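**Q** Chains as they are written, first to last, in the working numbering: chain E, 151 to 265; chain L, 4 to 117.
Laid out in structure tokens, this is it:
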């Protein structure tokens, strides 16, 4: 089954304790991206990756890191989480198309609470 | 800067009636893609429909159609014959030329009444 898998689905942690949210896709997609969803703000893009070893900032990259060492995986790293990073996080992937016509496939989301 | 505006935080529609969800966008790009996604209460994001900026025909996918008015920079989603299962949050999104960045609107929560 074609899917984007995020882990964990839920996490409660404390300020300053490094954490990683994993994302893996089995569709051989070149493009992967991370979003956070907050009430009234929709989804905001954190980072995206066009292919292995190629990443770039989205609109809200502060406090986050990513890496793309393999095509299928795109982990999101919070090195020193703070309460304002409490949010619902989505990983997404798609084929890469210059004409912007590729819909993204989303993971089920990770609900992160930082106390 | 690119922007997506969804002006209806919440909407009600009677079952079996049609409903239009508004979306306006702002971009200086000539080439871009517009998408609608559905988020049910279970939380997953489901792709509904796509419209390219150079497409001359409005996109349709089953009960979903996109009313694309390029000059007005609007891309409204029309759901025909609403069903109870259509109750969800709906997001309009724009993917810039080159396909890198994507921006989303704040969403519209649709309630379908029996």
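C-beta atoms are modelled at their ideal positions from N, C-alpha and C, and glycine is treated no differently. Quick caveat: nothing in here was measured; it's all calculated off a predicted structure.
Terminal residues of the continuous beta strand (DSSP E) containing residue 70 of chain L?
**A** Counted from its first residue, the second chain places residue 70 of chain L at position 67. Where residue 70 of chain L is concerned, the enclosing beta strand (DSSP E) stretches over 67-72.
**Q** By DSSP, does residue 9 of chain L sit in helix, in strand, or in coil?
**A** Residue mapping note: residue 9 of chain L aligns to position 6 of the second chain, counting from 1. Coil, per DSSP.
**Q** In chain order, what residues of the same chain lie with their CB nearer than 8 Å to the CB of residue 159 of chain E, ignoring the 5 residues before and after it?
**A** Numbered from its first residue, the first chain carries residue 159 of chain E at position 9. Once the five neighbours on either side are set aside, the close Cβ partners of residue 159 of chain E are 258, 259, 260, 261.
**Q** Does any C-beta atom of chain L lie closer than 8 Å to the C-beta of residue 153 of chain E?
**A** Within the first chain, numbered from 1, the residue matching residue 153 of chain E stands at position 3. Answer no: the Cβ-Cβ gap between residue 153 of chain E and chain L never drops below 8 Å.
**Q** For chain L, is any of its Cβ atoms less than 8 Å away from the one on residue 239 of chain E?
**A** Along the first chain, one-based indexing puts residue 239 of chain E at 89. Not closer than 8 Å to any Cβ of chain L, the Cβ of residue 239 of chain E fails to qualify, so no.
**Q** Quick one, which of E:229, E:245, E:252, E:243 has its alpha-carbon nearest residue 167 of chain E's?
**A** In the first chain, counting from the first residue as 1, residue 167 of chain E sits at position 17. Answer by Cα proximity: E:229.
**Q** Name the one or two DSSP bridge partners that residue 105 of chain L has.
**A** Translated into positions along the second chain, residue 105 of chain L becomes position 102. Paired residue(s): L:98.
**Q** Quick one, are the C-beta atoms of residue 221 of chain E and residue 178 of chain E less than 8 Å apart?
**A** Counting from 1 along the first chain, the entry for residue 221 of chain E is found at position 71. Counting from 1 along the first chain, the entry for residue 178 of chain E is found at position 28. Result yes, Cβ atoms of residue 221 of chain E and residue 178 of chain E sit closer than 8 Å.
**Q** Less than 8 Å between C-beta atoms, sequence neighbours within five positions excluded: which residues of the same chain meet that for residue 199 of chain E?
**A** What you label residue 199 of chain E is simply residue 49 of the first chain in a count that begins at 1. Contacts found: 181, 182, 183, 205, 206, 216, 218, 224.
**Q** Among all the DSSP beta bridges, which residues are the ones paired with residue 205 of chain E?
**A** Within the first chain, residue 205 of chain E is the residue found at index 55, counting from 1. BP columns for residue 205 of chain E point to E:199.
**Q** Candidates E:227, E:175, E:211, E:163: which alpha carbon is nearest residue 197 of chain E's?
**A** Residue numbering aside, residue 197 of chain E sits at position 47 when the first chain is read from its first letter. That would be E:211, whose Cα lies nearest to the Cα of residue 197 of chain E.
**Q** Using the rule of at least 16 other Cβ atoms within 10 Å of the residue's Cβ for burial, across every protein chain shown, is residue 57 of chain L buried or exposed?
**A** On the second chain, position 54 is the one that residue 57 of chain L refers to. Burial call: exposed.
**Q** Relative to the alpha-carbon of residue 255 of chain E, which residue among E:163, E:174, E:191, E:170 has its alpha-carbon at the smallest distance?
**A** To locate residue 255 of chain E, count along the first chain from 1; it is residue 105. Nearest option by C-alpha distance: E:174.
**Q** Can you find a heavy atom of the ligand NAP that lies under 7 Å from the Cβ of residue 262 of chain E?
**A** As presented, the structure is devoid of all ligands, the ligand NAP included, so that no description of it is given.
**Q** Which residues in chain L sit within 7 Å of residue 197 of chain E, going by Cβ to Cβ distance?
**A** For this step, residue 197 of chain E is matched to residue 47 along the first chain. Within chain L, no residue comes near residue 197 of chain E; the closest Cβ sits about 11 Å away, beyond 7 Å.
**Q** For the segment 86-104 of chain L against the segment 34-47 of chain L, are there 3 or more C-beta pairs whose distance is under 8 Å?
**A** Because the criterion of three Cβ pairs below 8 Å is met, the segment 86-104 of chain L and the segment 34-47 of chain L touch.
**Q** Which of the three DSSP states is assigned to residue 88 of chain L in this structure?
**A** As a first step, residue 88 of chain L is located in the second chain; it is residue number 85 there, counting from the start. Looking at residue 88 of chain L - three-state DSSP - the assignment turns out to be helix.
**Q** If residue 117 of chain L sits next to residue 18 of chain L, beta carbons under 8 Å apart, how far is it from one beta carbon to the other, in whole angstroms?
**A** Stepping through the second chain from its first residue, residue 117 of chain L is reached at position 114. Stepping through the second chain from its first residue, residue 18 of chain L is reached at position 15. Confirmed, Cβ separation roughly 5 Å.
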